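Colleague: Dropping a structure here in structure tokens format, bear with me for questions.
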Amino acid sequence: MVRKHPDVRTKGKQIDMSDLYADNIVMFQRRHYKPLTIIFNIILPTLVPWYFWNEALWNSFFVCFAFRYAYLLNVTWSVNSFAHIWGSRPYDEAISPSQNLVANLGTLGEGYHNFHHCFPQDYATSELGTYINLSKFFIDCFALVGLAYDLKTTSKEAVLQRRRRTGDLRNQKH
């Protein structure tokens with residue numbers, strides 16, 4: 001539907017990806033992406049309720065795959081619509097991504113678009129950890145058991161500096 005700008009392709013080739021290419025798990029997933037997607041997105045979600053709870057196979061397929069997949073696609077697209085149209089822009093009022101509560105609730109934590117676009121290196125995707133943010137919670141749990149590490153965050157000073165420089169200062173609730 002939309003082609004990448006040639007500069008995106010050019011700059012993308014300049015990114016050092018050697019750490020990812022050296023990671024056996026990442027490369028396994030890359031090599032086997034299609035079969036893994038079919039197994040974990042269609043087959044297992046369909047067969048588990050059918051086998052363990054005696055659900056009708058068609059019900060299991062439609063609810064656990066088709067409906068779930070359609071719902072997730074719509075939520076994903078809605079985030080990119082809602083969070084780029086409505087909401088506050090406390091970190092940079094000149095860009096379209098915004099903080100949107102509806103998008104955040106629908107995705108359980110991915111509605112902090114203004115913060116995410118201003119600080120893409122921050123794993124939490126939000127300044128404040130007090131709101132619903134399932135992605136951050138999931139990563140934090142993996143960090144507790146050693147499966148996630150070197151988590152990048154943005155200092156409060158850098159966030160405040162960016163807010164003062166480019167943010168919408170009328171919105172002080174963030």
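Residue 1 is where the sequence shown starts when you use full-length UniProt numbering, and the numbers rise one by one after that. The beta-carbon is built from N, C-alpha and C at its ideal position, and this holds for glycine as well. The structure displayed is predicted, hence computed values, not measured ones.
#1: Kindly indicate the opening and closing residues of the alpha helix (DSSP H) around E157.
#2: Can you list, in chain order, the stretches of the alpha helix (DSSP H) that have 4 or more residues and sit fully within the UniProt domain "Fatty acid desaturase" (30 to 121)?
#3: Could you have a look at G12 and say whether DSSP puts it in helix, strand or coil?
#4: Does the segment 104 to 120 come close enough to the segment 63 to 81 to have 3 or more Cβ pairs within less than 8 Å?
#5: Measure from the alpha carbon of Y149 to the alpha carbon of each residue in R165, Y123, C64, then state which is nearest.
#6: Around the C-beta of R163, are 16 or more other C-beta atoms found within 10 angstroms, so that it is buried, or is it exposed?
#7: Would you grab the beta carbon distance between C118 and D92 for me? Rounded to a whole angstrom, and I think it's under 8 Å.
#8: At which residues does the alpha helix (DSSP H) containing D140 begin and terminate?
Modeller: Reading from the atomic positions:
#1: The residue you call residue 157 lines up with position 157 of the sequence shown. Residues 156 to 166.
#2: 33 to 37, 44 to 53, 57 to 61, 68 to 85, 101 to 107, 113 to 118
#3: Translated into the one-based positions of the sequence shown, residue 12 becomes position 12. The answer is helix: DSSP assigns G12 an H, G or I state.
#4: yes
#5: Looking up residue 149 in the sequence shown gives position 149. Comparing Cα positions, the closest option is Y123.
#6: Here residue 163 is taken as the residue at index 163 of the sequence shown, counted from 1. Result: buried.
#7: The sequence position of residue 118 within the sequence shown is 118, counting from 1. The sequence position of residue 92 within the sequence shown is 92, counting from 1. About 5 Å separates the two Cβ atoms, so the contact holds.
#8: By one-based count along the sequence shown, residue 140 stands at place 140. Run containing D140: 134 to 144, per the alpha helix (DSSP H) assignment.
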